[in-house]
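Reviewing the structure listed below.
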Amino acid sequence: MNDGGSLPERSKNNNANAYLGAPYGIYQTENGYLALAMGSIPQLGILLGCEPLENYIEISEAFDKRDEIKEILANHLLSDTTENWLSKLEPADIWCADVLNWNALMAHDGFKVLNMIQEVEMIDGYKYETTRCPIRIDGELLFSSKGSPKLGQDNEKIIQEFITQNTTANA
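For the sequence shown, my numbering assigns the number 332 to the initial residue and increments by one for each residue that follows.
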């Protein structure tokens, strides 16, 4: 869109954003996944004990050699746990995070405090849990017990609303 209509050139490895250089991406570890944002490649090499990364000293290499860097990083991160990598990166203020699976997310205190789960009911009485709207208005959480409509459920109501609006506007 902003490149004259040409498609973005995506990274071959650990892709997360076509317009950001290495190390930006999601990487598998020995026991899970680790998300990494922008950062100094040599600093990552030092912190992670990955000497090959220390050779990428030019900022431009984060883009020019993105796939090469990400491949080195991906292979290295497989050698230890997410927790161990986080214990090295977080104190150095490297933007990173554990990528949670569904069960870990639901059990996480940070997710629980957001109160994101609500129960909704369909017109036929079927109830299920889903996430609520994440937006707050005047500090208030938004909840709705109304489930998703069945296909065509509100067609007549919408048609009548438009007829009323058109009649009022033309009066």
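Just so it is clear, CB atoms sit at the ideal spot from N, CA and C, and this is done for glycine as well.
- When rounded, the separation of the alpha-carbon atoms in Ala353 and Pro465 is 30 Å.
- Taking all protein chains in view, the Cβ of Thr495 is surrounded by fewer than 16 other Cβ atoms within 10 Å, so the residue is classified as exposed.
- Taking a contact to require three or more Cβ pairs closer than 8 Å, the stretch 424–437 and the stretch 361–372 qualify as touching.
- Taking a contact as a CB-CB distance under 8 Å, the pair Leu409 and Thr360 counts as one, their CB atoms being some 7 Å apart.
- For Gln449, same chain residues with a beta-carbon under 8 Å away, outside a window of 5 residues either side, are Glu460, Thr461, Thr462, Arg463, Phe474, Ser475, Ser476 in chain order.
- For the 8 Å CB-CB criterion, His407 and Leu379 form a contact.
- In this structure Asn348 is not in contact with Tyr358, their Cβ atoms being roughly 14 Å apart against a cut-off of 8 Å.
- For Gln484, the secondary structure class from DSSP, reduced to helix, strand or coil, is coil.
- DSSP places Thr360 in the coil class of the three-state scheme, outside both helix and strand.
- At the C-beta level, Ile454 and Lys481 come within 8 Å of one another.
- At the C-beta level, Ile372 and Ala393 come within 8 Å of one another.
- In the displayed model, Glu452 falls within a strand according to three-state DSSP.
- By the C-beta density criterion, Arg467 is exposed, having fewer than 16 other C-beta atoms within 10 angstroms.
- One Cα belongs to Leu375, the other to His439, and the distance between them is close to 27 Å.
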